[in-house]
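A short worksheet on the structure shown next.
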Amino acid sequence: MKFFKLIKLYFQRNFVFRLNFAMSWGTTILKFLFTILFWLCAMNNTSYDFLYSNKEMIVYFFVIMLIGLFIESDVTGKVADSIFDGNLATDILKPISHHTLYFANTIAMKLFLFVAIVCISIILIFIPSYSNLFIISLLVSFFINFEMNYLIGLFAFWTNTVWGISMVNTVLIDVFGGRLFPIALSGLLMKKICAYLPYQYIYYVPTQILERKFGFEAILMQLNYAFILFLVSKIVFKCGLKRFEAVGV
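One point on numbering: in this note's numbering, the residue at position 10 of the sequence shown is 28, and numbering is uninterrupted.
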């Protein structure tokens, strides 16, 4: 019950900032439009076989955009700030774990999108060309992305800033996660590298599951990475607490 009350509290607080909400959606849509224009121009002005039609490329990046709207959050900055300014001292005294505290905050920010997910899952039942497993995959990708960003925020125990690490992680997601281009268009070496990294399970894999190109086995791999990142974040948090001094800056 405490967890759901916490979600409700964070949802009410986050919903106050309507301008930030509108701006985040606006920039995301603009980025989607620019990306589509770039790829359509590239595809229509070369003889290279892209394996994707114009329609398929638009659908791909549209789904990528929707995934981003659902999973992206500022948990890295919030976790790092709690460590830098000493608020972690009060966070760990609360009757709920530090991890659960920020997980609830992140869910609250995306609460309105859960309604959309329910609607999408109902629609997918009547569209046989798409897989309803996409909903499960999307939820797991949300957890993977949260754990990854939460973990980066914990590096504040050892560094003066996590901005650089966060930017590197963003670039890696863009390149190895299929956010800049479909991994199917890359070479064999690139595909092998992506297979051993968790990044493709955040964006690329859910899109392929939606189009029935991947099956339930891909979701199992997602769950493996989610569980590993969860364990690593728990270990890193415990190690970081040994270095923490609640003196603020």
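Note that CB positions come from ideal geometry on N, CA and C, so glycine has one too.
Note that the coordinates shown come from a computational prediction; the quantities given were computed from them, not determined experimentally.
What whole-angstrom Cβ distance do residue i and residue j have, given they're in contact under 8 angstroms?
i	j	result
Leu151	Ile227	5 angstroms
His116	Ile110	6 angstroms
Ala98	Ala174	4 angstroms
Grab me the residues of residue i's own chain with a C-beta within less than 7 angstroms of its C-beta, minus the 5 sequence neighbours each way, in chain order.
i	result
Asn72	Leu58 and Met61
Tyr219	Ser159, Ile162, Met239, Gln240 and Tyr243
Leu198	Asp192
Phe68	Met61 and Leu203
Tyr120	Val93, Lys96, Val97 and Tyr168
Leu190	Tyr217
Classify residue i: buried if its beta carbon has 16 or more other beta carbons within 10 angstroms, exposed otherwise.
i	result
Gly182	exposed
Gly233	exposed
Pro224	buried
Ile82	buried
Val267	The pLDDT assigned to Val267 is 45, lower than 50, so where the model puts this residue is not dependable, and the model offers no usable value.
Thr64	exposed
Cys137	exposed
Leu55	exposed
Cys212	buried
Lys128	buried
Leu207	exposed
Ile253	exposed
Pro146	exposed
Thr124	buried
Thr108	exposed
Going by alpha carbons, who is nearest to residue i out of the options?
i	options	result
Ile237	Phe262, Ile153 and Ser251	Ile153
Val186	Ile201, Asn167 and Phe68	Asn167
Ile246	Leu215, Leu55 and Tyr120	Leu215
Ser91	Glu235, Ile114, Cys257 and Thr46	Thr46
Leu51	Leu69, Phe80, Tyr70 and Ile89	Phe80
Leu87	Lys209, Tyr148, Ala134 and Ile141	Ala134
Lys256	Ile89, Ile85, Leu106 and Glu229	Leu106
Ile85	Gly205, Gly195, Lys260 and Asn178	Gly195
Trp176	Glu74, Tyr78, Phe102 and Leu48	Phe102
Thr188	Tyr70, Glu74 and Tyr221	Tyr221
Ile89	Pro200, Ser155 and Glu74	Ser155
Val274	Lys260, Glu235 and Pro200	Lying before the first or after the last residue shown, residue 274 is absent from the chain, which here runs from 19 to 267.
Phe262	Ile114, Gly104, Leu48 and Lys49	Gly104
Let me see if you follow: with CB-CB separation under 9 angstroms, is residue i close to chain D or not?
i	result
Met166	Here there is only one protein chain, and chain D is not present.
Residues in the same chain with beta-carbon distance under 8 angstroms from residue i, minus the five sequence neighbours each way, listed in chain order, please.
i	result
Ser251	His117, Glu165, Tyr168, Leu169 and Leu172
Tyr148	Leu142, Leu228, Glu229 and Arg230
Does the distance between the C-beta of residue i and the nearest non-hydrogen atom of the ligand GDP fall short of 8 angstroms?
i	result
Gly182	Of the ligands one can find in the structure shown there are none, so the ligand GDP has no counterpart to examine.
Take residue i and list the residues in its own chain whose beta-carbon comes closer than 6 angstroms to its own, dropping the five residues that flank it on each side.
i	result
Thr179	none
Gly258	Leu172 and Phe175
Ser184	Thr94 and Ile170
**Asked** Residue ranges of each alpha helix (DSSP H) run of no fewer than 4 residues wholly in the stretch 142–174, ordered along the chain?
**Response** 151–172
**Request:** Give, in chain order, every unbroken run of the alpha helix (DSSP H) that is at least 4 residues long and sits entirely within the stretch 60–114.
**Result:** 72–89, 93–102 and 106–109
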